[in-house]
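Chains as they are written, first to last, in this note's numbering: chain A, 355 to 642; chain B, 355 to 642.
Dropping the structure here:
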């Protein structure tokens, strides 16, 4: 493992501040930057590190924790200012971010595109947690130009937060993210969106199930519009396909209603497949 | 509040055993019955009460915690054996259960159909928790024949578990349950079902979001087939409508993909509506 003594985090929202807190807990020196001085101050007050200054020496690693749309620009400027020996980002989409960084002329030898697969529906430094990444996956998507040394440094940092690292290429990451993150987010949003018109006397009856299914629907609209925009085509196909699955289910339900409850085998098959998929998810994850 | 000194629970699965544990914690004497002697023994060992015997005096209340399909038969037999002064059930659908109990010739003066709006994807007495209902709604659906005294007893019992009681008619309950419970369950199942064919290398990347959205998909297939069968028509309409909403979203995504990310306003509107619905849910619930 590479030794890591100093990290600069640019973007002190939920993810950036959580990375900073986790690294501070492991004795790493952390410097903080954000376009909002308030966000830096808040993160620093939480013990996430100290504000970055122009006099600081280059860090071992710069973590760019800004929305996908801004990664290329922030990375370019950080490299121009020589803020660190290597760089990573944490955006939920990788191929479009890499393409934008290429267009911007970033140095790829020192850049390891990455994505910690943990988050929250909340935002801002005050919602950060040092254990946000513990037991969760952290995807690393080095390009053919990325140096082995940079991969080693980012791997070290990710593992220090308690995450389990996996290397895969950016396209594979984006296809996976569509299935495991972007589709569920939209499904949760659309389901929650229906509740906007439901009377409170009905909603007050809701139990844990609805709370869990709709939790991520509270996510930041601008961030998620940005993420989904950058992975729109594969997500569109998945959403379409899920809608088709639901049409099959509504047909099953109509048949059950029409025949007075006899032959609900189709319905049971849908639920059994749900059991199987959930089980496969639990057994596949590192934390399970 | 009516005084409650002795309750009999028939059906010592997750819900029945949790009711028993909650009432035991409040000093109520609890007797347990189930078609499975093992389930009764397990519940008793957990401190949920003692097995019901033929020599027992009638209880103040009999809680029938069996799947919807069996409520009428179990209620009829319990009333014939004079097991209690009044009766309630906990099934997730109310109008069909009431209709079945009417057909079976049950005594409605002593019967308060009810539904505690809390549960878990797990089953069996070992998964029970005394605090399962704390802060959650418990719907009471008395019929025109139900006595005020019976309503008072069931209200007392529900409140002793920490639940917040609401009275509404059975049809209103079933419409509400379709929106807040049955639709989300199916959405979670269908989404989880898609994961059954996804490779573990993809699933191991999944974070908390997917775990939460698919949690209820692990629910018992027979129980949920039973529940959905009894509310099939309203749920079919909601599933259809949600599928239509998703088709609109996939169209938005295709447009965003086609125009290179410009004018993602439609997508942002979907996410904003999700924010609003989630907020409305949180502010409507008693526990929030």
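C-beta atoms are modelled at their ideal positions from N, C-alpha and C, and glycine is treated no differently.
Whole-angstrom distance between residue 507 of chain A and residue 562 of chain A, CA atom to CA atom: 41 Å
Using the three-state DSSP reduction, which class does residue 628 of chain A fall into: helix, strand or coil? helix
Comparing alpha-carbon positions, which option in A:386, A:419, A:565 and A:633 lies nearest residue 403 of chain A? A:386
Residues that residue 438 of chain A bridges to, as DSSP identifies them: A:413
Give the straight-line distance between the Cα atoms of residue 608 of chain A and residue 579 of chain B, rounded to the nearest whole angstrom. 14 Å
Count the CB pairs spanning the stretch 509-521 of chain A and the stretch 397-413 of chain A that are closer than 8 Å, and state whether there are at least three. no
Report all residues from its chain with a CB closer than 6 Å to the CB of residue 397 of chain A; omit the five preceding and five following residues, and keep chain order. 366, 371, 386 and 479
Whose Cβ in chain B lies nearer than 8 Å to the Cβ of residue 375 of chain A? Per Cβ cutoff of 8 Å: no residues; residue 375 of chain A is ~17 Å from chain B at best.
Of the choices A:361, A:544, A:614 and A:421, whose alpha-carbon is the least far from that of residue 477 of chain A? A:421
Give the DSSP-derived three-state secondary structure of residue 644 of chain A in the structure shown. The structure shown does not extend to residue 644 of chain A, since chain A is modelled only from 355 to 642, so the question has no answer here.
Does residue 427 of chain B have its Cβ less than 9 Å from a Cβ in chain A? no
Taking Cβ-Cβ distances below 7 Å as the criterion, which residues of the stretch 421-453 of chain B are in contact with chain A? none
Can you give me the C-alpha to C-alpha distance between residue 438 of chain A and residue 419 of chain A, rounded to a whole angstrom? 15 Å
Check for me: the beta strand (DSSP E) holding residue 385 of chain B runs from which residue to which? 383-387
What residues are listed by DSSP as bridge partners for residue 520 of chain A? A:493
At a CB-CB cut-off below 8 Å, which residues of chain B make contact with residue 562 of chain A? 472, 473, 474 and 490
Check the Cβ-Cβ distances between residue 601 of chain B and every residue of chain D, and say whether any is below 9 Å. Structure shown: chain D not included; protein chains present are A and B.
Residue 628 of chain B, buried or exposed, once every other Cβ within 10 Å from all chains shown has been counted against 16: buried
Tell me, please, whether the CB atom of residue 547 of chain B is closer than 9 Å to any CB atom in chain A? yes
Quick one: which chain B residues come within Cβ less than 8 Å of residue 635 of chain A? 546, 549, 557, 560, 564, 565 and 568
Check this for me: beta carbons of residue 593 of chain A and residue 600 of chain B, under 9 Å apart or not? yes
Mind reading off the beta-carbon distance from residue 549 of chain A to residue 635 of chain B? Whole number of angstroms is fine, and I expect it under 8 Å. 5 Å
Let me make sure I understand the geometry here. Which of B:415, B:630 and B:427 has the alpha-carbon closest to that of residue 456 of chain B? B:427
Any beta carbon from chain B within less than 9 Å of residue 501 of chain A's own beta carbon? no
Could you tell me whether the Cβ of residue 587 of chain A comes closer than 9 Å to any Cβ of chain B? yes
Identify the continuous alpha helix (DSSP H) that holds residue 372 of chain B and give its terminal residues. 368-379
Taking DSSP as the reference, what is the three-state secondary structure of residue 443 of chain B? strand
Residues near residue 624 of chain B in its chain [Cβ-Cβ closer than 6 Å; skip 5 each side]: 603
For residue 501 of chain A, the three-state DSSP class (helix, strand or coil): coil
Any C-beta of chain B under 9 Å from that of residue 596 of chain A: yes
Cutoff 6 Å; reference residue 440 of chain A; Cβ partners in own chain excluding five residues on either side: 415, 464, 504 and 507
Under 9 Å between C-beta atoms, does residue 527 of chain B make it to chain A? yes
Would you kindly work out how many angstroms separate the C-alpha atoms of residue 617 of chain A and residue 610 of chain A, rounded to a whole number? 7 Å
Residue of A:391, A:363, A:637 and A:382 minimising C-alpha distance to residue 556 of chain B: A:637
Within 10 angstroms of its Cβ, does residue 411 of chain A collect 16 or more other Cβ (buried), or is it exposed? exposed
Over what stretch of residues does the alpha helix (DSSP H) that includes residue 581 of chain B continue unbroken? 575-584
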